[in-house]
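The opening position of the sequence shown corresponds to residue 1012 in our numbering, with each subsequent residue numbered one higher. We put the beta carbon where it would ideally sit given N, CA and C, even for glycine. What follows is a single structure, written as structure tokens, with notes after it.
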Amino acid sequence: AQGSYPPSAFLPSCTSAALGRMPPRGRGRGRRRGKAEQKQWLEAKRQQPAGKEEGAAGAEPGAGAAGRAASAEEDFRAYYEAQRLFGEGPEAAAEFDALWRALRSPLPVTVRVNGQLPAAARTEERLTREGWERRKEFDRTGLSVWQLDNARYSGPLRTWTERENRSGALSFQELVSLVPALLLAPRASDLCLDLCAAPGSKSAQMVEALQRQAAAAGVAPTGAVLSGDANAQRCCLALYRVLAKTESAASCAVLANAKDFPMLQEVGGYGAVAGARVELSRILADVPCSGDGTTRKNAQVWRSWNRKEALGLFSLQRNILMRALFLLPPGGILVYSTCSLNPLEDEAVVSAALKRWRERDCIEPVTLVDTPAACRDVCDLPVAEGLTQWVVPAPPRFGPFYTCWQDVPEELRGEAPGMLRPEMFCGTGAEADELRRCARFFPHRGDVGGFFAAVFRKDHTVPRPLAAEGASAVAARAKGGGPNLRTHPLLQARFSRISLEDSRWQELADFFGVDAAWAEDKISRGLLFWQFMHHKEEPSRVALTTEGVARLWQAQSGSGRELPWVRLGLFLFEQLPKGFLAGIAPTRWRATVEGAQLLDGVLSGRRRLRLPAEELRRVLAAEHRQVPLADLPGLLACDAQGKEAPGFKGACGGVFVGVCGSGPWAQCWLPGAVTPRQLRLLIDDDVALSLLDALAQNAASSNAGVERAQANGQPERRHCCWAGLAALICGRLSLRAA
């Protein structure tokens, strides 16, 4: 970037820019550009040969990738200087320069430790030892957030961190990205909706918050977090994996377009009135945006930034916000957020949505909450008020800026993407002052990324009509974007409730010894489901849900069409790999990693095996995590009377593998399978490596403790290292919502 605030200091005049650069803009914020200047600029654009706009391919000067990147960055800075983000004067200019320097600096790596795990303290100890810094701005909300200088994030440290992320011990999440879920503060019984959920970090945070509230109240969660996304690939891959790591029966995911998300109606049960709207009391609309607040971690923004992107996104963002307001029940809370600093994606969208909403007849009153104050209540990150004035740019690079609709020439007006419209301009008086209730996070204040948030609340109970939805609701299912929409197996799968009389359930329950009272309770309440893959007559998985997830699944959309569910609750059992133990095991079922610890409390001992810690370590380190039964002399299994005895004489198939002894490790279980000659742990490489890594660290710690005890004349206590391992296993596999 050249020069400093304001843009007129370095942008050339129209006469010196044959390729359409903007004429110098006056320093006064409200000064309108002369009609002659606008006409001159537009005439130059009309006469410009196609493809010769500066920065375009084949354009001169500035041709080539380097030229395009340089002009993109120059226009990027010119646009934001024109916005007067910090007002007028030398202090404002100095702060803008500080912002620009911050945007150019790399963003620290930030992780959030999963505090619901018993091993959370151990993970925090490792982070401290590796030089991570705790961000105390979130301590009072119970979040454990850590950051590390980007330059140090490499080698074994990076490998360990990414492995812990995959196993669920911690999650990568930018600091400002934590704010929306904190503002929503879901309760244990809330039905929550994340409209644009992928990749899923905010959804996962909402699930954990819901479970944390339930644990604090001493109750099981009955609510749900419904995560939706319009892109099939994001929904079935990234979002699916993140929700699996939450190991929560309160999570679920669906493929749906946010701007057309269907209104859901109750069908009765769970205390709901048939025909009533499903009350989604917490809604997050973290909408698609240009992402120009993410330059610190996404250098591509500097090369690709252009005005047309924000102009083209305006209608989509406004429509998503309008739909979210429609879905929000009286008393509900809605958070609108972007990772952009652009007022066209932030305050302009909020202003346009509020104006449209309030112009409708007999509509529920909506309040824009004092979001900066709400942010200060949940974290200590520096926060700024929303803008009350901004300029709207002409679409071409280096085009003029407009402060009011009357100045926009006819050629630039229209409803097509990238065109200008009246809603994009700031209002006046009380309408503008209300936008101060929005919240902005600037990178140079608090070492964060750029972010915007606005909180809405519906105030009064007003009868809500149940008008049938038309094509827009159908579009919520039909338009889900992304490749392989119709071919991805998860989108072709279906769920159905399990009945006690189902012979398939009886076979599974008898084999594993499922507690009859537990099963009857869950099935009678409609909380256990089969998942059938496409064209399969036999189920592939068993899922457990909360009452909230079950309500959402059985609800009817306004169009009468079913939503394509991608994930439902927590998977407890699944089929063994194809061909594995085929024709040998009495049943094809095995426990899942995410469901093993919940099943510990509801299964008999008939499929349980225990190993001494050293033998468990040997299995974890073995190829494919399998070892011959003959090489496990310490293996214990339950006999017909339920007593543990050496060896395993049961049928081949799924088992639970634990650690011998008493103490905290006695309740920790890993899913596995027994073949005629082998024992195999059914866990992935990341979990196995994490357990072995923890084992090595705890062994070293235990040895140090033994040496200290011997020096003090105390007896040895070598089993302490296995307690640490057990805590880690518990942490990886425990269920935090039953």
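> Do you know whose CA, among 1128, 1628, 1629, 1305, lies nearest residue 1462's CA?
Replying inline: Measuring C-alpha to C-alpha distances from residue 1462 to each of 1128, 1628, 1629, 1305 identifies 1305 as the nearest.
> Secondary structure at residue 1586, three-state DSSP: helix, strand or coil?
Replying inline: Under the three-state reduction of DSSP output, residue 1586 falls in the strand class.
> In the DSSP assignment, what are the bridge partners of residue 1404?
Replying inline: Beta-bridge pairing links residue 1404 to 1412.
> Are residue 1175 and residue 1181 close, meaning C-beta to C-beta below 8 Å?
Replying inline: Less than 8 Å separates the beta-carbon of residue 1175 from that of residue 1181.
>> I'd like to know whether the C-beta atoms of residue 1257 and residue 1290 end up nearer to each other than 8 Å.
In response: Result no, Cβ atoms of residue 1257 and residue 1290 do not sit closer than 8 Å.
> Which residues does DSSP pair with residue 1576 in a beta bridge?
Replying inline: DSSP, once it has assigned bridges, lists 1265 as partnering residue 1576.
> Cβ atoms of residue 1206 and residue 1296: under 8 Å apart, would you say?
Replying inline: Result yes, Cβ atoms of residue 1296 and residue 1206 sit closer than 8 Å.
>> Once DSSP output is grouped into helix, strand and coil, what is the label at residue 1143?
In response: Correct three-state label for residue 1143: coil.
> Which first and last residues belong to the beta strand (DSSP E) in which residue 1508 is found?
Replying inline: For residue 1508, the enclosing beta strand (DSSP E) starts and ends at 1505 to 1508.
>> For residue 1469 and residue 1380, I'd like the C-alpha separation in whole angstroms.
In response: When the Cα atoms are used, residue 1469 and residue 1380 turn out to be separated by approximately 10 Å.
> If residue 1208 sits next to residue 1239, beta carbons under 8 Å apart, how far is it from one beta carbon to the other, in whole angstroms?
Replying inline: Contact between residue 1208 and residue 1239 holds, since their C-beta atoms are separated by about 6 Å, short of 8 Å.
> What separation, rounded to the nearest whole angstrom, lies between the Cα atoms of residue 1590 and residue 1694?
Replying inline: Whole-angstrom Cα-Cα distance: 18 Å.
> Using 8 Å as the Cβ pair cut-off and three pairs as the minimum, do the stretch 1349 to 1364 and the stretch 1318 to 1336 touch?
Replying inline: Verdict: yes, contact present.
> Per DSSP, residue 1468 forms a beta bridge with which residues?
Replying inline: According to DSSP, which records beta bridges pairwise, residue 1468 is partnered with 1344, 1378.
> Do you know how far the Cα of residue 1520 is from the Cα of residue 1746?
Replying inline: In this prediction, residue 1746 scores a pLDDT of 38, lower than 50, which makes its location untrustworthy; no coordinate-derived value is stated.
> Does DSSP classify residue 1112 as helix, strand or coil?
Replying inline: Three-state result, residue 1112: helix.
> Is residue 1210 near residue 1322, with beta carbons less than 8 Å apart?
Replying inline: No, the pair does not count as a contact, with Cβ atoms beyond the cut-off.
>> I need the straight-line Cα distance from residue 1592 to residue 1599, nearest angstrom please.
In response: In a straight line, the C-alpha of residue 1592 is about 8 Å away from that of residue 1599.
>> Using DSSP's beta-bridge definition, name the partner residues of residue 1172.
In response: DSSP output for residue 1172 lists no bridge partner at all.
> If we ignore side chains and look at the alpha-carbon of each, how far apart do residue 1137 and residue 1680 end up?
Replying inline: Distance between the alpha carbons of residue 1137 and residue 1680: 24 Å.
> Looking only at its own chain, which residues have a Cβ that is under 7 Å from the Cβ of residue 1229, when we skip the five neighbours before and after it?
Replying inline: Here the set comprises nothing.
> Between residue 1656 and residue 1662, which are expected to be in contact by the criterion C-beta below 8 Å, what is the C-beta distance as a whole number of angstroms?
Replying inline: The Cβ separation is near 16 Å, so there is no contact.
> Of all the options 1401, 1383, 1538, 1378, which has the alpha carbon lying nearest to the alpha carbon of residue 1393?
Replying inline: Out of 1401, 1383, 1538, 1378, 1383 has the C-alpha closest to the C-alpha of residue 1393.
> Where does residue 1070 fall in DSSP's three states?
Replying inline: Here the model assigns residue 1070 a pLDDT of 40, short of 50, so the residue's position is not dependable, and the following value carries that caveat. Correct three-state label for residue 1070: coil.
> What separation, rounded to the nearest whole angstrom, lies between the Cα atoms of residue 1213 and residue 1688?
Replying inline: So the alpha carbons of these two residues sit roughly 45 Å apart.
>> So for residue 1127, helix, strand or coil by DSSP?
In response: In the displayed model, residue 1127 falls within coil according to three-state DSSP, outside both helix and strand.
> Under a three-way DSSP split, which group does residue 1349 fall into?
Replying inline: Here residue 1349 carries a strand assignment [DSSP, helix/strand/coil].
> When you compare only the Cα positions, how much space is there between residue 1615 and residue 1556?
Replying inline: Rounded to whole angstroms, residue 1615 to residue 1556 spans 22 Å at the Cα level.
> Within this structure, are the beta carbons of residue 1281 and residue 1465 separated by less than 8 Å?
Replying inline: No. Outside cutoff.
>> I need the straight-line Cα distance from residue 1635 to residue 1584, nearest angstrom please.
In response: Taking the straight line from one Cα to the other gives about 21 Å.
> chain B beta carbons: is any one of them nearer than 8 Å to that of residue 1232?
Replying inline: You won't find chain B in this structure, because it holds only one protein chain.
> What are the start and end residues of the alpha helix (DSSP H) that includes residue 1523?
Replying inline: In the DSSP assignment, residue 1523 falls within the unbroken alpha helix (DSSP H) covering 1514 to 1523.
> From which residue to which residue does the alpha helix (DSSP H) around residue 1339 run?
Replying inline: For residue 1339, there is no enclosing alpha helix (DSSP H), as DSSP marks it with neither H nor E.
> Going by the beta-carbon positions, is the gap between residue 1186 and residue 1121 smaller than 8 Å?
Replying inline: Cβ distance < 8 Å, so residue 1186 and residue 1121 count as in contact.
> Less than 8 Å separating the beta-carbons of residue 1400 and residue 1350?
Replying inline: Taking the C-beta atoms as reference points, residue 1350 is found no nearer than 8 Å to residue 1400.
>> As a quick exercise: from 1586, 1417, 1098, 1397, pick the residue whose alpha carbon is nearest that of residue 1516.
In response: Considering only alpha carbons, the answer is 1586.
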